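**Student:**
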Amino acid sequence: QIIDAIDIKADPCVDFFAYACGKWKKDTQIPRDISAVNRFTEAANTRDQNMA
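Going by full-length UniProt numbering, the sequence shown opens with residue 1, and the numbers climb by one from there.
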């Protein structure tokens with residue numbers, strides 16, 4: 001999953017965050033009723049869905 005988040009078009013020497021997380025940021029939508037989404041909340045949501 002970490003590799004899926006990398007934006008290879010970004011230069012890590014210029015903007016490391018854009019390189020390391022740019023694709024995740026572009027691909028992730030934050031629902032209106034949630035104030036933030038990150039890898040931890042995604043993992044918790046997946047866990048909760050699998051247990052239901």
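No residue lacks a Cβ here, since even glycine has one placed at the ideal position from N, Cα and C. Keep in mind it's a predicted model, so treat the numbers as computed, not measured.
Where Q1 and R39 are concerned, what is the direct C-alpha to C-alpha distance, given to the nearest angstrom?
**Tutor:** Each residue's Cα considered, the two are about 9 angstroms apart.
**Student:** Mind listing, in chain order, the continuous alpha helix (DSSP H) runs of no fewer than 4 residues lying wholly within the UniProt domain "Peptidase M13 N-terminal" (12-47)?
**Tutor:** Correct list: 16-27.
**Student:** Can you give me the C-alpha to C-alpha distance between P12 and D48, rounded to a whole angstrom?
**Tutor:** Their Cα atoms are separated by approximately 34 angstroms.
**Student:** Just to confirm, are K23 and I34 a CB contact at a threshold of 9 angstroms?
**Tutor:** Result no, Cβ atoms of K23 and I34 do not sit closer than 9 angstroms.
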